[in-house]
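Residue numbers (my numbering): 72 to 177.
We put the CB at the ideal spot given by N, CA and C, even for glycine.
Notes follow once the structure below has been shown.
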């Protein structure tokens with residue numbers, strides 16, 4: 072389930088990036104020319120989880136004030152939960168990969 076959620080999230084993000092571009096060929100070439108930065112990727116992922124948490128918190132506060140519906144709160148909390156589960160899954164895979172590398176003979 073987590074692998075499917077991660078794949079779906081990646082596909083959604085890619086589709087969203089592609090639809091928001093004005094010149095897809097230029098943006099795809101730019102993406103191919105840039106080197107991936109693992110630290111920036113992790114930072115962006117953590118920031119995304121934090122942003123989802125903030126949205127869920129604000130929605131819950133709005134519900135207490137009578138400005139939001141229960142369905143909105145449940146949806147925001149569920150989105151935060153999926154984002155957090157995805158981040159934990161990625162963390163577990165990184166740790167597993169690190170342990171595998173450390174066990175390799177030199």
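Rounded to whole angstroms, the gap between the alpha carbons of residue 145 and residue 173 is 42 Å.
Here DSSP, grouped into helix, strand and coil, assigns residue 139 to coil.
The three-state reading of DSSP puts residue 163 in helix, counting H, G and I together.
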